[in-house]
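Each remark here refers to the structure printed beneath this line.
In this note's numbering, the protein residues as written are 11 to 609.
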């Protein structure tokens, strides 16, 4: 499946969401759309937002979107969008979440899935307490009359075999008791994107799901994996996965990288010349919109266009003339990468139809060490797979005794990543009141004369993250005079000497543009910090490239009147407000040059 969009990433406002996007289904709006539409719940995005909480009817606060993290609210949106297949509202499990909260969130996800199936059985309940769902309720009732209601995939999460196995088995028992199986189609496994490079853990999780499904129902219950595709497709299909979605082709193109069809290696477009065939792209797909005979784009043009920096007026002139701009060439590159993935899917489909998928995986594994490792991992639990390989005389791929010892690396639950050396435990119960430097008896270090404001990172402590360490290595001899204060999306300012306090180590939150109340809170806290301690410092400087955090810092600097923000917020003129700009050497050097001038 082709992952098209996340609606909150496309400039959707509360007004046009309700007045425009919810007024027609995708099928009604896009007449040429002739494929089923699979719509996820957005659980990962919404759960990391303070805006989309519980609905007012359930004790929560009203928001301007009229959208809440409840099964009714999310299902109403999915129906309005015209979903043919939906994934239930889930409660994702971040890595390293403590055990108590992990179990609690899995149980809430199961409750949510059961409630979703009950609502589809009784469409009138969809709008109870949710007036924005009235049109969706009518549409769902009509779909029920036509026998065309959406199929439901239950979103599940887990980081090891035992957890996922329990999750699937428990849900199947619950829906049998509730007698609401009519719309249930299968399971959709999430939280897998970070595991794409850990094939053994990925295999363990997939087997946890497939092993929990009774053999009598194996052909009727589908398995979908979120965010996984490409070279893993054949092996995962062999193990029982039915559908995939992936956006790697887009992400790869964002960094101007080209996927080689035979090796799956990604090569920056500037370094692709050794792989060309008589000047042509190495892609062998005639229908590829970049590399095919009808594309009209040659290698030199692609390199020139992707390396060109046009002014706004020059880009606008090209648009007005109907000429391609840089984003069109990025799109062509993304389409090539997609076709490489899509071609592998078609090959796997063909092998399944011919009954030769195992032979295909054997050949693939011999050419790809990662797939070979995954195939051996799968045999630890799938003894039939081992016998099938022996019958094919693929003894080089049969798991040997050396793999058994690898089980010591698995967790106590029977699989997954060993976290015995992990010192940080996450809790999603932390909130803005769990840490506030303004309520503590605190004074900045006396010898630190320059305040450096930087945004927080997902990795904790912040100083060990890649975003912070890249600055640390560059600051060198200046570091003794610099006091780093991190802007946390949860807590506001966090001085570096407070980074290892439990609430700072244990929270998991990223500020988003929709969270206006949280943005106001951290802005006010930072402004108060600057007004309280600003006189302690000789200079105040910020280095921030992400949009939301930059807005907070600039606003706080302006409101506190400690200096003109455009002079002390770096990079001064970033090409874009995204993480890649944080690592750009020219931007870091701009900060260093300024620090040299003031220290």
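Backbone N, C-alpha and C fix where the C-beta goes; we use that ideal spot for every residue, glycine too.
For residue i, three-class secondary structure by DSSP
{"i": "residue 415", "result": "Because residue 415 sits at a pLDDT of 31, beneath the cut-off of 50, its placement in the model cannot be relied upon, and the following sentence gives the value as read from the coordinates. Residue 415 falls in the helix class under three-state DSSP."}
{"i": "residue 516", "result": "helix"}
{"i": "residue 599", "result": "helix"}
{"i": "residue 405", "result": "helix"}
{"i": "residue 322", "result": "helix"}
{"i": "residue 126", "result": "helix"}
{"i": "residue 165", "result": "strand"}
{"i": "residue 234", "result": "strand"}
{"i": "residue 481", "result": "helix"}
{"i": "residue 554", "result": "coil"}
{"i": "residue 629", "result": "The structure shown has nothing for residue 629, since the chain only spans 11 to 609."}
{"i": "residue 498", "result": "strand"}
{"i": "residue 145", "result": "helix"}
{"i": "residue 70", "result": "coil"}
{"i": "residue 289", "result": "coil"}
{"i": "residue 197", "result": "strand"}
{"i": "residue 297", "result": "coil"}
{"i": "residue 579", "result": "strand"}
{"i": "residue 462", "result": "strand"}
{"i": "residue 609", "result": "coil"}
{"i": "residue 281", "result": "helix"}
{"i": "residue 174", "result": "helix"}
{"i": "residue 22", "result": "coil"}
{"i": "residue 442", "result": "helix"}
{"i": "residue 47", "result": "coil"}
{"i": "residue 307", "result": "coil"}
{"i": "residue 646", "result": "What is shown of the chain runs 11 to 609, which leaves residue 646 out entirely."}
{"i": "residue 504", "result": "strand"}
{"i": "residue 223", "result": "coil"}
{"i": "residue 159", "result": "coil"}
{"i": "residue 549", "result": "strand"}
{"i": "residue 421", "result": "Confidence at residue 421 is low in this model, with a pLDDT of 31, below 50, so the placement of that residue should be treated as unreliable; the coordinate-derived value is given next. Note: residue 421 maps to coil in three-state DSSP."}
Closest Cα partner of residue i within the set the options
{"i": "residue 339", "options": "287, 164, 318, 158", "result": "318"}
{"i": "residue 114", "options": "56, 173, 162, 63", "result": "173"}
{"i": "residue 448", "options": "503, 182, 480, 405", "result": "503"}
{"i": "residue 288", "options": "320, 226, 85, 308", "result": "308"}
{"i": "residue 380", "options": "240, 92, 285", "result": "240"}
{"i": "residue 563", "options": "218, 543, 483, 532", "result": "532"}
{"i": "residue 149", "options": "38, 600, 111, 510", "result": "38"}
{"i": "residue 375", "options": "290, 567, 407", "result": "407"}
{"i": "residue 383", "options": "208, 565, 303", "result": "208"}
{"i": "residue 69", "options": "179, 139, 32", "result": "139"}
{"i": "residue 523", "options": "508, 557, 512", "result": "557"}
{"i": "residue 612", "options": "489, 455, 133", "result": "Given a span of 11 to 609 for the chain in the structure shown, any question on residue 612 remains unanswerable."}
{"i": "residue 314", "options": "509, 482, 279", "result": "279"}
{"i": "residue 213", "options": "479, 260, 388", "result": "388"}
{"i": "residue 342", "options": "320, 377, 301", "result": "301"}
{"i": "residue 494", "options": "33, 552, 229", "result": "552"}
{"i": "residue 256", "options": "151, 262, 602, 238", "result": "238"}
{"i": "residue 508", "options": "178, 89, 331, 446", "result": "446"}
{"i": "residue 152", "options": "490, 92, 591, 202", "result": "92"}
{"i": "residue 180", "options": "147, 221, 144", "result": "221"}
Residue i: CB within 7 Å of a non-hydrogen atom of the ligand NAP
{"i": "residue 331", "result": "Among the components of this structure there are no ligands whatsoever, and the ligand NAP is therefore not found."}
Beta-carbon proximity of residue i to residue j, cut-off 8 Å
{"i": "residue 7", "j": "residue 81", "result": "Because the chain in this structure spans residues 11 to 609, residue 7 falls outside the shown range and cannot be described."}
{"i": "residue 235", "j": "residue 249", "result": "no"}
{"i": "residue 458", "j": "residue 492", "result": "yes"}
{"i": "residue 265", "j": "residue 215", "result": "no"}
{"i": "residue 484", "j": "residue 598", "result": "yes"}
{"i": "residue 83", "j": "residue 525", "result": "no"}
{"i": "residue 299", "j": "residue 305", "result": "yes"}
{"i": "residue 142", "j": "residue 218", "result": "no"}
{"i": "residue 358", "j": "residue 444", "result": "no"}
Does the segment 70-86 come close enough to the segment 20-39 to have 3 or more Cβ pairs within less than 8 Å? yes
What are the start and end residues of each continuous alpha helix (DSSP H) run of 4 or more residues lying completely inside the segment 331-384, in chain order? 336-364, 367-377
Assess contact between the segment 497-512 and the segment 465-479, defined as three or more Cβ pairs (one per stretch) separated by less than 8 Å. Is contact present? yes
Decide yes or no for the touch test of the segment 84-104 against the segment 162-181: beta carbon pairs closer than 8 Å, at least 3 of them. yes
So, do the segment 434-442 and the segment 104-112 have three or more beta carbon pairs nearer to each other than 8 Å? yes
Could you tell me whether the segment 189-201 touches the segment 361-368, where touching means 3 or more Cβ pairs closer than 8 Å? no
Check whether the segment 282-297 and the segment 335-355 are in contact - that is, three or more C-beta pairs closer than 8 Å. yes
For the pair the segment 265-285 and the segment 394-405, tell me if three or more CB-CB distances fall below 8 Å. no
Give a yes or no on contact between the segment 510-519 and the segment 531-549, applying the rule of three or more CB pairs nearer than 8 Å. no
Taking only runs that begin and end inside the segment 83-113, name each unbroken beta strand (DSSP E) of 3 or more residues, in chain order. 95-97
Which residue spans inside the segment 233-275 form an unbroken alpha helix (DSSP H) run of at least 4? 243-248, 258-264
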